[in-house]
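*Asks:* Just so you know, the protein sequences line up as chains A and B, in that order.
Per the numbering used here, the first sequence runs over residues 40 to 153.
Per the numbering used here, the second sequence runs over residues 15 to 125.
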Amino acid sequence: AQSVTQLDSQVPVFEEAPVELRCNYSSSVSVYLFWYVQYPNQGLQLLLKYLSGSTLVESINGFEAEFNKSQTSFHLRKPSVHISDTAEYFCALHSGGSNYKLTFGKGTLLTVNP
Amino acid sequence: DVKVTQSSRYLVKRTGEKVFLECVQDMDHENMFWYRQDPGLGLRLIYFSYDVKMKEKGDIPEGYSVSREKKERFSLILESASTNQTSMYLCATTDMNTEAFFGQGTRLTVV
Chain A
40 AQSVTQLDSQ VPVFEEAPVE LRCNYSSSVS VYLFWYVQYP NQGLQLLLKY
90 LSGSTLVESI NGFEAEFNKS QTSFHLRKPS VHISDTAEYF CALHSGGSNY
140 KLTFGKGTLL TVNP
Chain B
15 DVKVTQSSRY LVKRTGEKVF LECVQDMDHE NMFWYRQDPG LGLRLIYFSY
65 DVKMKEKGDI PEGYSVSREK KERFSLILES ASTNQTSMYL CATTDMNTEA
115 FFGQGTRLTV V
């Protein structure tokens, strides 16, 4: 069985502060990991993904995440957030091979305050 | 660009009605998924399909069924709608080892 745990349901921060959204996973096979973002009243969009290779992956808007196999984590970070980063963030896991199941965490609501 | 289209954006149905939610994708992807999204619970997988006529239960299949007669279309069926099935329903599609692409969602209200 596979699972994704997002440790914080809500993270309030002030503008220009750093932020870390935590994600831990459980799977018995190799994994592909994703962060999706959902802005208010919109659908889900891919933010970044880890498939293989470098364990540090980056998005175009300054977010980064690091795949840590020993700690089974894929935490999302940004050194300085903007008001426009206010959204719900979902960590997801997709196992390779014959198991196509795509599993999401419960989400973390990031609120950036002025 | 991948396009995933859900048949309705908003839907209101009565308790006991049979409800069909349709999802169509245009990228020839193998895998399709139905999720429901509720505040504080995130996205919960209802059913998924990895090939035509193939389906597997997700984490919360009770009260739902699915149909995949053609590769591009994946239907979610509520056999007898109940008020606790009021939710946002999201369809997604993915090929092996790629990210998921989502439809715009269907907000279903059962009264």
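Cβ coordinates follow ideal geometry from the N, Cα and C atoms, glycine included.
Bear in mind the structure is a predicted one, so any value in this text is a computation, not a measurement.
#1: Looking at Leu92 of chain B and Val33 of chain B, is the spacing between their C-beta atoms short of 8 Å?
#2: Is Ser66 of chain A close to chain B? Criterion is C-beta to C-beta, closer than 8 Å.
#3: Quick one: what's Gln51 of chain B bridged to in DSSP?
#4: Going by DSSP, what residues sit across from Tyr128 of chain A in a beta bridge?
#5: By the DSSP assignment, the beta strand (DSSP E) with Thr123 of chain B in it spans what residues?
#6: Buried or exposed, going by whether 16 or more other CB atoms sit within 10 Å of the CB of Ser63 of chain B?
#7: Straight-line CA distance for Lys71 of chain B to Tyr61 of chain B?
#8: Secondary structure at Thr97 of chain B, three-state DSSP: helix, strand or coil?
#9: Hey, does Lys117 of chain A have any beta-carbon neighbour from chain B nearer than 8 Å?
#10: Would you check if the distance between the CB atom of Ala131 of chain A and the CB atom of Leu149 of chain A is smaller than 8 Å?
#11: State buried or exposed for Asn45 of chain B, treating a residue as buried only when at least 16 other CB atoms are found within 10 Å of its CB.
#12: Quick test of your reading: Gln41 of chain A and Thr142 of chain A, contact by CB under 8 Å. State the CB separation rounded to the nearest angstrom.
*Replies:* Inspection of the coordinates gives the following:
#1: yes
#2: no
#3: B:Leu57 and B:Met102
#4: A:Val76 and A:Thr147
#5: Thr120 to Val124
#6: buried
#7: 5 Å
#8: helix
#9: no
#10: no
#11: buried
#12: 5 Å
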